[in-house]
Amino acid sequence: MWTELSQVLQFYSTNYSLYMETFSPKNIYIDYELSIHTAALSVWPSVVLKGCRFHLGQAWYRKIQNLGLSLEYQSKSSEVGNYLKLFFGLPFLPPEEVGDCFTMEIMAIQPTGIPAVESFTDYILNNYILDSSRFPPMIWAEFSENISRTTNACESFHSKLNNMFYKTRPNIYVLLEALNEVQTMTTVKINTIRNVRRSKQTLEKEQFIRDQIKKYITNKDRLAFIKIVSRKFLPNAYLYCPNRTE
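Take 1 as the starting number for the sequence shown in the working numbering and just add one per residue.
Okay, here's the thing in structure tokens:
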């Protein structure tokens, strides 16, 4: 699959370069499909891949679900739940500190004798913590107040584009008309981007992280830092509930 993706990326990169300066992105915000990572690096070997925080939270919470730990996670008084929530603060640490925090702080307070908890901890270690893991901390951790590390904009674009068609294989003229419309809308957005006001909620979250980063730099209490930051950015368990009626 990654070879097909790399061919697509190479096509767009080459054709973009025909009309504008060489297209060689420095950073790419990406989700956690290994084939996409491989394809991107095959086209741009020096690009820095940055993982989407939203998808990271999704992956971790779904693992919690699969291990039957959802109720513990949702409980405010559960020792196991409080332990699981700590993991969601790791993405806000400097990448080089994630491994130490995992082994020295998190594993030191891991509830014992619970196979599901041990399985979750091993899952995070093997897939996200070790330098040899599929998605090491350099991809998904960042010591910054920036909360815009998501691929939501791309997914929103794809959703809107899909809604412009009534068939899976539209007529070429219909496709070209839709692409021209998308190009026009994109140009307008680019020209007005400087006037876009960021939401109050976003500004408040970024200020919150900024304040916590300052405290951490002063106090050097990693456990306290990831605990308080994680509570602000926990995945909404309701969104992943398979039995919800709405």
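All residues carry an ideal CB built from backbone N, CA and C; glycine is no exception.
Would a C-beta distance cut-off of 8 Å place T125 and I226 closer than the cut-off?
Sequence index remark: in the sequence shown, residue 125 carries index 125 (1-based). Sequence index remark: in the sequence shown, residue 226 carries index 226 (1-based). According to the sequence as given, residue 125 is Leu; it is not Thr. It is not a contact, given that the beta carbons lie outside the stated cut-off.
Measure how close the beta-carbons of A59 and Y32 come, nearest whole angstrom, since I'm counting them as under 8 Å.
On the sequence shown, residue 59 is found 59 positions in, with the first residue counted as 1. On the sequence shown, residue 32 is found 32 positions in, with the first residue counted as 1. Contact flag correct, Cβ pair sits at about 6 Å.
Exposure label - G57; buried when at least 16 CB within 10 Å
In the sequence shown, residue 57 corresponds to position 57, counting from 1. Flag for G57 reads buried.
Count the other CB atoms, across all protein chains shown, that sit within 10 Å of the CB of L67; report buried if there are 16 or more and exposed otherwise.
The residue labelled residue 67 in the question sits at position 67 within the sequence shown. The residue in question, L67, is buried, as its Cβ has 16 or more Cβ neighbours within 10 Å.
Own chain residues within Cβ distance below 7 Å of I64, not counting five before or after:
Start at 1 with the first residue of the sequence shown, and residue 64 comes out as number 64. For I64, where only same-chain residues beyond five positions count, the Cβ hits under 7 Å are S70, Y73, L84, F120.
Based on the DSSP output, what are the partners of V48 in its beta bridges?
Counting from 1 along the sequence shown, the entry for residue 48 is found at position 48. Per DSSP, N27.
Starting from the C-beta of E145, find all residues in its chain whose C-beta is less than 7 Å away, skip the five residues before and the five after it, and write them out in chain order.
Taking the first residue of the sequence shown as position 1, residue 145 is located at position 145. Within the same chain, E145 has close Cβ partners E206, I209, R210, I213.
Which residue marks the beginning of the alpha helix (DSSP H) containing M138, and which one marks its end?
Residue 138 sits at position 138 when you count from the first residue of the sequence shown. That run of the alpha helix (DSSP H) goes 137-140.
Please state if the CB of A39 and the CB of V47 are separated by a distance shorter than 8 Å.
Position 47 of the sequence shown, counted from the start, is the residue given in the question as residue 47. Position 39 of the sequence shown, counted from the start, is the residue given in the question as residue 39. Result no, Cβ atoms of V47 and A39 do not sit closer than 8 Å.
May I have the straight-line CA-CA distance separating T218 from P111, to the nearest angstrom?
Here residue 218 corresponds to residue number 218 of the sequence shown, with the count starting at 1. Here residue 111 corresponds to residue number 111 of the sequence shown, with the count starting at 1. Taking the straight line from one Cα to the other gives about 29 Å.
On the DSSP letters alone, give me the boundaries of the alpha helix (DSSP H) that E204 sits inside.
If you number the sequence shown from 1, residue 204 lands on position 204. From DSSP, the alpha helix (DSSP H) with E204 extends over 200-219.
Whose C-beta lies closer than 7 Å to the C-beta of Y216 among residues of the same chain, with five residues either side of it excluded?
Here the question's residue 216 lines up with position 216 in the sequence shown. Within the same chain, F225 come within 7 Å of Y216 by CB-CB distance, once the 5 residues on both sides are set aside.
Going by beta carbon distance, what residues of the same chain come within less than 7 Å of S24, once the five residues before and after it are set aside?
Sequence index remark: in the sequence shown, residue 24 carries index 24 (1-based). For S24, where only same-chain residues beyond five positions count, the Cβ hits under 7 Å are W44.
On the CB-based measure, 16 or more other CB atoms within 10 Å of its CB, does V174 come out buried or exposed?
Mapped onto the sequence shown, residue 174 falls at position 174. Flag for V174 reads exposed.
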